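Mapping the sequence shown onto the working numbering, position 191 (from 1) lands on 232, and the numbers just tick up by one. Glycine is no exception: its CB is placed at the ideal position from the N, C-alpha and C atoms. These numbers were taken from a predicted model, which means no experiment stands behind them.
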Amino acid sequence: MHHFIYRKNELYCEDVPIRVIAENVGTPFYLYSHATLKRHFLIFDEAFEGLKRLICFSAKANTNLAVLKLFESLGGGLDIVSGGELYRGLKAGFSPDRIVYSGVGKRVDEIDYALDTGILMFNIESLEELELIDKRAGLLKRRAPVAIRINPDVDPKTHPYISTGLEKSKFGINTETAIEGYKVANKLENIDIVGIDCHIGSQITEAKPFEEALESLKNLINELKQLGIEIQYLDMGGGLGITYDDESPPHPREYAKAIVKSLEGTHLYLILEPGRVIVGNAGILVTRVLFRKSGKNKEFVIADAGMNDLMRPTLYNAFHAIKPVVTTEDPPIMADVVGPICETGDFLAVERKISDVKQGDLLAVMSAGAYGFTMSSNYCSRPRVAEVMVKDDRFYVVKDRQNYEDLVAGESIPPFLED
Ligand SMILES: *Cc1c(COP(=O)(O)O)cnc(C)c1O
Numbered sequence: 042m043h044h045f046i047y048r049k050n051e052l053y054c055e056d057v058p059i060r061v062i063a064e065n066v067g068t069p070f071y072l073y074s075h076a077t078l079k080r081h082f083l084i085f086d087e088a089f090e091g092l093k094r095l096i097c098f099s100a101k102a103n104t105n106l107a108v109l110k111l112f113e114s115l116g117g118g119l120d121i122v123s124g125g126e127l128y129r130g131l132k133a134g135f136s137p138d139r140i141v142y143s144g145v146g147k148r149v150d151e152i153d154y155a156l157d158t159g160i161l162m163f164n165i166e167s168l169e170e171l172e173l174i175d176k177r178a179g180l181l182k183r184r185a186p187v188a189i190r191i192n193p194d195v196d197p198k199t200h201p202y203i204s205t206g207l208e209k210s211k212f213g214i215n216t217e218t219a220i221e222g223y224k225v226a227n228k229l230e231n232i233d234i235v236g237i238d239c240h241i242g243s244q245i246t247e248a249k250p251f252e253e254a255l256e257s258l259k260n261l262i263n264e265l266k267q268l269g270i271e272i273q274y275l276d277m278g279g280g281l282g283i284t285y286d287d288e289s290p291p292h293p294r295e296y297a298k299a300i301v302k303s304l305e306g307t308h309l310y311l312i313l314e315p316g317r318v319i320v321g322n323a324g325i326l327v328t329r330v331l332f333r334k335s336g337k338n339k340e341f342v343i344a345d346a347g348m349n350d351l352m353r354p355t356l357y358n359a360f361h362a363i364k365p366v367v368t369t370e371d372p373p374i375m376a377d378v379v380g381p382i383c384e385t386g387d388f389l390a391v392e393r394k395i396s397d398v399k400q401g402d403l404l405a406v407m408s409a410g411a412y413g414f415t416m417s418s419n420y421c422s423r424p425r426v427a428e429v430m431v432k433d434d435r436f437y438v439v440k441d442r443q444n445y446e447d448l449v450a451g452e453s454i455p456p457f458l459e460d
């Protein structure tokens, strides 16, 4: 059941023609389907039926408050990687005991904020971080619940920029050092060891790497038990991939199967941190064609959305399907779909067969719900675009488009430059 579908010759989001939204809010904008977000969350959660579990949505994939609030209302938790995401999570109404905090570079003020809030656990990524958290907890007279993020050295076979569980990556602590880390943690006065954690990468399209990582974590849990250290939460991170083009990642049920089988009958409480698999295909970026032009051997479609709005194509060479919002009878063309930014890397698609769109036509850049808006920037002083959520036959602007004043907010000219 898809919620971005053509009816006759027009693309709809649920029961709303996307053309109508564009006429109302202008372009470009991100568009999310409430029904798809909800369905993806529930399918993922229900795949782990039978286990004690908490699905902590990975905020960095999509931090819009409306999106976060939806997952909160469905019983989800939140995986955060910054103080800003903690702030958003609390704004969206997440109970602190449903928030886990990952990331290699937590600052003192962020640690204090999380300690004061009383989150479920810190996923620790270095021994220095562990010691700092213990110290801060002591000063603030708080207990610090922690898991150590293990780097299990498995190859997730994904883009190198989003592989995080290899020995050479900056994330987590290798299995040998981890035991040392737990021994240290066990002696620290203000630390409570509650979990073990890993996150091996993103856009992973096979189940095997997850199974290998799980084995590695279970072995460690047993080793720790010998040392008298009891693990309560097993956090398997996120990383399950989606179909952008022709990938065929395991269905969440398939992904869950091995994990459920391996954990059934244990006392372990499972935490998962899915991001992309929940929101990726629940959102699109809608852009309008500004111009067409013909190069020497190339056609260009110049859109009003660029790399600052959707960074994935230029950052990872990522593929996003591009569809016309209103279809035409004309034969398709081969073209580069590019944005208005002054960079050669500013493209949404290269040498792509697309509909023969003309000036003023609308394009839907598909699968843009994850790492779309959250990675966007104001480069070239382009206001950040609006975000819209559709539910049934209504649409809601869930983030206003920035205006020019927003662009200079907080900037000032020092007196010595004033004339
Ligand atoms: C980014 C991230 C996730 C989510 O990854 P997806 O591939 O979007 O599922 C989960 N956990 C951590 C620690 C992350 O950094």
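- For SER335, the uninterrupted beta strand (DSSP E) segment begins and ends at 324-335.
- MET162 is bridged by DSSP to VAL141.
- If you check the C-beta of ARG94 against ligand 1, you find no heavy atom less than 7 Å away.
- In this chain, the beta strand (DSSP E) harbouring LEU403 covers 403-406.
- Rounded to the nearest whole angstrom, the CA to CA distance from GLU459 to ILE189 is 52 Å.
- Inclusion of PHE82 and GLY118 in the CB contact set at 8 Å is not warranted, their separation being larger than that value.
- By the criterion of a C-beta distance shorter than 7 Å, ASP433 is surrounded in its chain by GLU55, ASP56, once the five residues flanking it on both sides are discounted.
- With contact defined as three or more Cβ pairs closer than 8 Å, the stretch 90-102 and the stretch 299-316 are in contact.
- Inter-residue distance for ALA133 and GLY125 is about 12 Å (C-alpha atoms, whole angstroms).
- Between the alpha carbons of LYS440 and ASN260 lies a gap of roughly 45 Å.
- The residue among TYR53, ILE121, THR355, PHE98 with its C-alpha nearest the C-alpha of LEU313 is PHE98.
- Bridge partners of TYR412 according to DSSP: none are assigned.
- Across the set ALA405, TYR154, ILE262, the C-alpha of ALA405 shows the shortest separation from the C-alpha of GLY324.
- Non-local C-beta neighbours of THR246 in its own chain, meaning closer than 6 Å and more than five positions away in sequence, comprise GLY282, GLU288, PRO290, ordered along the chain.
- Residue pairing by DSSP puts GLU428 in a beta bridge opposite TYR71, LYS440.
- In this structure, ligand 1 has no non-hydrogen atom nearer than 7 Å to the beta-carbon of GLN400.
- Here GLY146 carries a coil assignment [DSSP, helix/strand/coil].
- Here SER303 really is in contact with LEU255; their C-beta atoms are around 6 Å apart, less than 8 Å.
- Here DSSP, grouped into helix, strand and coil, assigns ILE395 to strand.
- Straight across, the Cα-Cα distance linking PHE112 with LYS339 is about 44 Å.
- About 5 Å separates the CB atoms of ILE191 and GLY213; that is less than 8 Å, so the two are in contact.
- Cβ-Cβ distances below 8 Å link ASN419 to ASN349, ARG425, GLN443, LEU448 in the same chain, with the five nearest sequence neighbours on each side left out; the list follows chain order.
- Straight-line measurement puts the Cα of ARG294 at about 41 Å from the Cα of ILE382.
- Residue pairing from DSSP places ASN215 in a beta bridge opposite ASN192.
- Annotation for GLU252: the continuous alpha helix (DSSP H) segment containing it runs 249-267.
- Boundaries of the alpha helix (DSSP H) harbouring TYR357: 353-357, taken from the DSSP string.
- When rounded, the separation of the alpha-carbon atoms in TYR445 and THR68 is 16 Å.
- Taking C-beta atoms under 8 Å as the contact rule, TYR71 and PHE414 qualify, at a distance of about 5 Å.
- For VAL108, the secondary structure class from DSSP, reduced to helix, strand or coil, is helix.
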